[in-house]
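Counted from 1, the sequence shown has number 118 at position 88 by the working numbering; the numbering is strictly sequential.
To start, the structure under review is shown below, and the notes come after it.
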Amino acid sequence: MIKILIKIFILGINIIYSFIKLFPVKNRVTFISRQSNEVSFEFQMIKEEIDKRNIGMESVFLCHTLDGGYQSSIISKIKYGFHMFTQMYYIATSKVVILDTYCIVISLLKHKKNLKVIQMWHSIGTMKKFGYQILDLGEGTNKSIAHLMKMHQNYDYVFCAGEGYRDYLAQGFGCSPDIIKIFPLPRVDLLQNQKYQEETKKKIYGKYPQLSSKPTIVYVPTFRKDETRFIKAVDSLMKHLDQDYHFVIKVHPLSKLEIKDKRIFTCEEFSSSEMLSVADYVISDYSCIIYEAAIMNKPIYLYDFDIDEYNDKRGLNIDLDEELPGCVSQDFKDIMNSIKDKEYDFERLNTFRNKYVKETRHATKDIVDFILSII
């Protein structure tokens, strides 16, 4: 029954879209996201770079979440359904559409031949398997639904930070490696901008002056739907905190974990990326924050306490022990001991970074140059 309803829905919106496509194309680029209801700073950076060119190109932002995807509530689906009509109009009247997530109407509709669709995925790297790599797995999409919804189809180009994971992206998006272009995300410019980093550090120290008194460890864990083991792992972690270090935990906004230990900072006013400016050491697990930390030459350590379960539900594209130079352990005590040893193989860190993120000092400019070259 659900499949029949989806097919009727697809037919209906394609009929409606055939009339919407009668509107003329304008000198416009439309940015679409389901990541947040707010415009991402990376979308904004691209807009600002386009505006510098003085070519009269309009930028439109359509940012609207649909938490839960096809499993979301009826009310959420209805609200997003009305938003999709807005998306359809702007897609039909734009020269370029830039995405940072899956967009239903981009994949399902037949678009004008001159429209260019760019998938600029929202994370720098993709150590975690995703999309078509994990169909029917615990954290993946149902295979039949994914194919029915034409998940990740109709992309003309897919942006990738480095050659190291071109094939992983192609597998995840179910596309040809030929449409993947090496363009690191605009945030790379900020990660390497010393002035920006110093200003961010100043803001953080202004709010949390204690952090400047001794080395700071920033822990950025991946979000887990079932946080039972995660909560136990954090409890274990707290037993091994060292008074010679400040400790910051940046949990996912959807996490239910409550930090009550006064030794731990959460710094809720600042993002994980911003906290890298004050980090002396970075601990994660399967979060793509490790690529950002590598760009900033921060020592990286991985607390993979649930790697067995994670491999069953999702899996990784890289071998953590093989690729990462820092300690990788299910025991937090090992990680703290490694940090206290103060020895780190930065040469291996450079190798990791160069494999997965192309070196550039003008990522945003390169992206805009490419956009203008295809219209």
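Even for Gly, the Cβ is constructed at its ideal location relative to N, Cα and C.
Remember, predicted model here, so these are calculated numbers, not experimental data.
The beta-bridge partner set that DSSP reports for LEU346 consists of LYS158. Scanning ARG58, ILE85 and ALA122 for the CA closest to the CA of TYR47 turns up ALA122. Boundaries of the beta strand (DSSP E) around GLN149: 146-149. For a cut-off of 8 Å, the C-beta gap from ALA176 to LEU167 is around 12 Å, too long to register as a contact.
HIS152 is positioned such that its CB atom lies closer than 8 Å to that of ASP130.
Inclusion of PHE295 and VAL281 in the CB contact set at 8 Å is not warranted, their separation being larger than that value. Assignment of THR246 by DSSP, reduced to helix, strand and coil, places it in the strand class. The way I'd put it, the stretch 193-203 doesn't touch the stretch 53-60; fewer than three beta-carbon pairs between them come closer than 8 Å. Taking a cut-off of 8 Å on C-beta distances, the stretch 299-308 does not touch the stretch 345-357, as fewer than three cross pairs fall below it.
Here the C-alpha atom of ASP197 lies approximately 12 Å from the C-alpha atom of MET157. LEU92 is bridged by DSSP to ILE62. Ranked by Cα distance from SER89, the first of ILE76, LEU96 and THR95 is ILE76. Between ASP338 and THR252, the gap from beta carbon to beta carbon reaches 8 Å or more.
Put simply, the backbone Cα of PHE400 is about 45 Å away from that of ASP361. When VAL147, ARG83 and ILE136 are compared, the shortest CA-CA separation from LYS125 is found for VAL147. Assigned with DSSP and collapsed to three states, SER303 falls in helix. The C-beta separation of MET326 from LEU221 comes to about 6 Å, placing the pair in contact by the 8 Å criterion. The three-state secondary structure of SER403, taken from DSSP, is helix.
The beta-carbon separation of ILE80 and VAL358, rounded to 41 Å, does not stay under the 8 Å limit for a contact.
At a cut-off of 4 residues, the continuous stretches assigned as alpha helix (DSSP H) that sit fully inside the stretch 350-394 are 350-353, 362-371 and 376-386.
In the displayed model, SER314 falls within a strand according to three-state DSSP. One thing to note: ASP342 has its Cβ no nearer than 8 Å to the Cβ of THR246. Within the same chain, MET179, LYS180, MET181, HIS182, GLN183 and ASN184 come within 7 Å of SER137 by CB-CB distance, once the 5 residues on both sides are set aside.
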